[in-house]
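**Student:** Chains as they are written, first to last, in my numbering: chain A, 1 to 275; chain B, 1001 to 1249. Pasting in a structure now, in C-alpha cells, and then I'll have a few things to ask.
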C-alpha cells in the first residue's frame, strides 16, 4: 500500500485520495468473490483490475477534464464508497470459515508463521516488479513526469496517458493491499479505508526524509526505504499502544510522530547554524 | 524546415484580460538556419516559439515542419523533430533523477518508452564521453541527482541531451536568462558548437543583445505580435551592435 502511495505521491506529485476508496474496493471484491466460492486464483486479478479502473478514473478526471487531482481523488473516493456498499450488499462481511489465501497455502506449520511468509513473499515479489518497472525506460519516463512535465513532454511522452497509467498502477497496488488485509483480518468493512491515505503518506514521508538525508538516487534503496518507512510507522503505532497510551489518542500520536520526522532535518540544521 | 503561415493567437478572447499575442506572423526558417529572435517583453516571442514546439496551439493559420503540417500535433508528437531548452533550468531536466536517467530519456526522445532496461555499460560510457566534452568534470558524477547541480551545469547538460537522439530543430527560449555571465557564455558557446556540428535548424530567443549580435545567421525583431524587422545573414553581418541597441531605443 505504501508502495502505491509512493508511486502517486513521489512520481506524480499527486497525493491521491482515491486510495481510501480503492483499498476498501480491493477488500470488498476479495470478500464477495471468496464468499461466492470463486476460485482463489481469479480473485487477485479481479482485485487488481478493480483498483486499476478506479485509479484510471481519477487519472482521466484529472487530465482530460482538467480537474484538480485532490478533487478528482475525492470524487472517485466518494463514488467508490457507494460502489463498495453495493458490491458488499451490507457494511460488514465476515470471512470466517471461508478458505482464503492464508488457509490454502501451507508453507509453515504454525498459522502465524505461515501468514508471515505469505505476506513477505508477496511484498518481495511486488517490490521486485515495481523496482524493475521503475528502472526501465518506461519507468524513468514515469518518474520524470512528476518532476518536470515540460521536459518530459518535449521528450515525446504523453503525460496525460502516463498519469492515468500511473494512477491505475498505484490504485491496483492499494487494492491488492486491501485484498491481503481483508483475508488477514478475516473481514471486510466498508469504512476500513478511512484514513488509510494518511498512514501511507506517513510511511512515504518517513522514507522521503531518509532519502533526502542520504541523497539516495537508487530505485531499489528508495523502495526498500519506503517499506522500512511503513514498518517503522506500524512499530511506532504498536509501541504507542503498548506503553498504554489511550487508543483514542492514537491519531494524535501519529500526527506528532510524522511532524517530528519531517522537521528533524530542519531542526538539526538550525542547531549547526548556531554554533 | 519550419514554416509559419499567417498565424494568430489570442489569449482569453472576449474577456477584459484579452491578449492578442500573435497577430498574423508569417515566417520561414530555412534548413540549418540559426535565427535569433529579439523583442520587448510581451512582443510574442515566447508564444511563437511555444506554437512551433506545440505547447500552445494557434487560433488560425498553420505551421509546417519539414514540409509536414503539424498545426494540430501536440508537443509530445513533435519531439521527433524538435528538442527544446527552456528559460528555467528546472524545466529542462528532472531534478530527482540522476544525470544518467535524464540522458537515457533524452536518448529515446523520438522512440517509444518500452518496458526494457536501457541503461547499460555501453550507454554509460557513451554519456560519460559526451559530458566530458563540456569540461565541467561532471562525467564522474553521472549517478548524481540533477537537482544537486547548478543552473549553468543543468542548462549545458540540457543542450547535450538534445542531441542524444536524432534532432533537426533546436528551440532555445532564453537559455541563459537565469545564469551568471560566465555560465551564460559557456552555454551559448556550447549551443553554437552543437548547432554547427549537428547542422541543426535553430531558433534562439534572447534579451541579451550581445548574444543576438554574436550568434546566429539571421535576426528577427518582434513587436506587438508581429515581425517588425527580419535581417538575413548578409544584412546581419553588416549590422552594428549599436544599431541593435537603437531598435529598442
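The beta carbon of each residue, even a glycine, is placed where N, CA and C say it ideally should be.
Can you say whether residue 1081 of chain B is buried or exposed, counting buried as having 16 or more other CB atoms within 10 angstroms of its CB?
**Tutor:** Residue mapping note: residue 1081 of chain B aligns to position 81 of the second chain, counting from 1. By the neighbour-count rule (16 or more Cβ atoms within 10 Å), residue 1081 of chain B is buried.
**Student:** Out of A:165, A:128 and A:123, which one is the CA nearest neighbour of residue 143 of chain A?
**Tutor:** As a working mapping, residue 143 of chain A is identified with position 143 in the first chain. Closest option to residue 143 of chain A, Cα to Cα, is A:165.
**Student:** Helix, strand or coil: which one does DSSP assign to residue 1064 of chain B?
**Tutor:** By one-based count along the second chain, residue 1064 of chain B stands at place 64. The answer is strand: DSSP assigns residue 1064 of chain B an E or B state.
**Student:** Output the boundary residues of the alpha helix (DSSP H) element that contains residue 70 of chain A.
**Tutor:** Position 70 of the first chain holds residue 70 of chain A. Element bounds for residue 70 of chain A: 69 to 88.
**Student:** Within 10 angstroms of the Cβ of residue 62 of chain A, are there 16 or more other Cβ atoms? Answer buried if so, exposed if not.
**Tutor:** Counting from 1 along the first chain, the entry for residue 62 of chain A is found at position 62. So residue 62 of chain A counts as buried.
**Student:** Using the Cα positions of residue 132 of chain A and residue 219 of chain A, report the straight-line distance between them to the nearest angstrom.
**Tutor:** Against the first chain, residue 132 of chain A aligns to sequence position 132. Against the first chain, residue 219 of chain A aligns to sequence position 219. Spanning the two alpha carbons is a distance of roughly 9 Å.
**Student:** Does the distance from the C-beta atom of residue 177 of chain A to that of residue 31 of chain A stay below 8 Å?
**Tutor:** Here residue 177 of chain A is taken as the residue at index 177 of the first chain, counted from 1. Here residue 31 of chain A is taken as the residue at index 31 of the first chain, counted from 1. Not a contact, by the Cβ cut-off of 8 Å.
**Student:** Compute the Euclidean distance between the alpha carbons of residue 1222 of chain B and residue 137 of chain A, then round it to the nearest angstrom.
**Tutor:** The residue given as residue 1222 of chain B occupies position 222 in the second chain. The residue given as residue 137 of chain A occupies position 137 in the first chain. So the alpha carbons of these two residues sit roughly 40 Å apart.
**Student:** Kindly examine the ligand SAM and report whether one of its heavy atoms sits closer than 7 Å to the Cβ of residue 239 of chain A.
**Tutor:** Of the ligands one can find in the structure shown there are none, so the ligand SAM has no counterpart to examine.
**Student:** Under 8 Å by Cβ, that's how I've got residue 1066 of chain B and residue 1168 of chain B pegged, so tell me the actual separation to the nearest angstrom.
**Tutor:** As a position in the second chain, residue 1066 of chain B is number 66, starting the count at 1. As a position in the second chain, residue 1168 of chain B is number 168, starting the count at 1. The pair is a contact, with the Cβ atoms about 7 Å apart (cut-off 8 Å).
**Student:** Contact between the region 1139 to 1155 of chain B and the region 1092 to 1104 of chain B: three or more CB pairs below 8 Å?
**Tutor:** Enough Cβ pairs lie closer than 8 Å, so yes.
**Student:** Using 8 Å for Cβ pairs, my map puts residue 1227 of chain B next to residue 1025 of chain B. What's the rounded Cβ distance?
**Tutor:** Position 227 of the second chain holds residue 1227 of chain B. Position 25 of the second chain holds residue 1025 of chain B. That belief holds up - the Cβ atoms of residue 1227 of chain B and residue 1025 of chain B are roughly 6 Å apart, short of 8 Å.
**Student:** Give the residues of chain B in contact with residue 128 of chain A, contact being defined as C-beta atoms less than 9 Å apart.
**Tutor:** Working through the first chain from its first residue, we reach residue 128 of chain A at position 128. In chain order: nothing, as chain B lies at least about 13 Å away.
**Student:** By the 9 Å beta-carbon criterion, what residues does the region 132 to 143 of chain A contribute toward chain B?
**Tutor:** Of all residues in the region 132 to 143 of chain A, 132, 133, 135, 136, 137, 138, 139, 140, 141, 142 and 143 have a Cβ within less than 9 Å of some Cβ in chain B.
**Student:** Tell me whether the region 1068 to 1077 of chain B and the region 1156 to 1172 of chain B touch, counting them as touching only if at least three CB pairs, one residue from each stretch, are closer than 8 Å.
**Tutor:** The region 1068 to 1077 of chain B vs the region 1156 to 1172 of chain B: no contact.
**Student:** How long is the line joining the alpha carbons of residue 1052 of chain B and residue 1195 of chain B, rounded to whole angstroms?
**Tutor:** Walking along the second chain from the start, residue 1052 of chain B turns up at place 52. Walking along the second chain from the start, residue 1195 of chain B turns up at place 195. In a straight line, the C-alpha of residue 1052 of chain B is about 18 Å away from that of residue 1195 of chain B.
**Student:** Considering only residues of the same chain and omitting the five flanking positions on each side of residue 59 of chain A, which have a CB-CB separation below 6 Å?
**Tutor:** Here residue 59 of chain A refers to the residue found at position 59 when the first chain is read from its first residue. Counting only Cβ-Cβ distances below 6 Å, and skipping sequence neighbours, we find 163, 164 and 167.
**Student:** Look up residue 57 of chain A in the DSSP assignment and say whether it is helix, strand or coil.
**Tutor:** Locating residue 57 of chain A in the first chain gives position 57, where the first residue counts as 1. Looking at residue 57 of chain A - three-state DSSP - the assignment turns out to be helix.
**Student:** Out of curiosity, what's the CA-to-CA distance linking residue 211 of chain A and residue 25 of chain A?
**Tutor:** Within the first chain, the letter at position 211 stands for residue 211 of chain A. Within the first chain, the letter at position 25 stands for residue 25 of chain A. Taking the straight line from one Cα to the other gives about 31 Å.
**Student:** Note down, in chain order, each residue of its chain lying with its Cβ closer than 8 Å to the Cβ of residue 1239 of chain B, except the 5 sequence neighbours on either side.
**Tutor:** Locating residue 1239 of chain B in the second chain gives position 239, counting from the first residue. Excluding residues within five positions, the ones whose Cβ falls inside 8 Å are 1213, 1219 and 1231.
**Student:** Give, in chain order, every unbroken run of the alpha helix (DSSP H) that is at least 4 residues long and sits entirely within the region 1061 to 1108 of chain B.
**Tutor:** Runs of the alpha helix (DSSP H) inside the region 1061 to 1108 of chain B: 1075 to 1078, 1089 to 1092 and 1099 to 1107.
**Student:** Per the contact definition of three or more C-beta pairs closer than 8 Å, is the region 1083 to 1091 of chain B in contact with the region 150 to 161 of chain A?
**Tutor:** Touching, yes.
**Student:** Skipping 5 residues on each side, what residues in its chain have a beta carbon closer than 6 Å to that of residue 52 of chain A?
**Tutor:** Taking the first chain and counting its residues from 1, the one referred to as residue 52 of chain A is at position 52. Hits under 6 Å: 168 and 172.
**Student:** Determine which residues share a DSSP beta bridge with residue 1038 of chain B and list them.
**Tutor:** Residue mapping note: residue 1038 of chain B aligns to position 38 of the second chain, counting from 1. According to DSSP, which records beta bridges pairwise, residue 1038 of chain B is partnered with B:1221.
**Student:** With H, G and I counted as helix, E and B as strand and the rest as coil, what does DSSP make of residue 1237 of chain B?
**Tutor:** By 1-based counting over the second chain, the position of residue 1237 of chain B is 237. Residue 1237 of chain B falls in the helix class under three-state DSSP.
**Student:** Smallest Cα separation from residue 54 of chain A: which of A:23, A:35 and A:189?
**Tutor:** Within the first chain, residue 54 of chain A is the residue found at index 54, counting from 1. Among A:23, A:35 and A:189, the Cα nearest to that of residue 54 of chain A belongs to A:23.
**Student:** Pull up the distance between the alpha-carbon of residue 1235 of chain B and that of residue 1229 of chain B, whole angstroms please.
**Tutor:** Working through the second chain from its first residue, we reach residue 1235 of chain B at position 235. Working through the second chain from its first residue, we reach residue 1229 of chain B at position 229. The straight-line gap from Cα to Cα measures roughly 11 Å.
**Student:** Please classify residue 1016 of chain B as buried or exposed, where buried requires at least 16 neighbouring CB atoms within 10 angstroms.
**Tutor:** Translated into positions along the second chain, residue 1016 of chain B becomes position 16. Residue 1016 of chain B is exposed by the Cβ-count criterion.
**Student:** Is residue 271 of chain A close to chain B, meaning its C-beta is less than 8 Å from at least one C-beta of that chain?
**Tutor:** The count along the first chain starts at 1 and reaches residue 271 of chain A at position 271. Confidence at residue 271 of chain A is low in this model, with a pLDDT of 48, below 50, so the placement of that residue should be treated as unreliable; the coordinate-derived value is given next. No - not a single Cβ of chain B is within 8 Å of the one on residue 271 of chain A.
**Student:** Starting from residue 1034 of chain B, find everything on chain A with Cβ-Cβ shorter than 8 Å and list it in chain order.
**Tutor:** To locate residue 1034 of chain B, count along the second chain from 1; it is residue 34. Here the premise fails: no neighbours, minimum Cβ distance about 19 Å.
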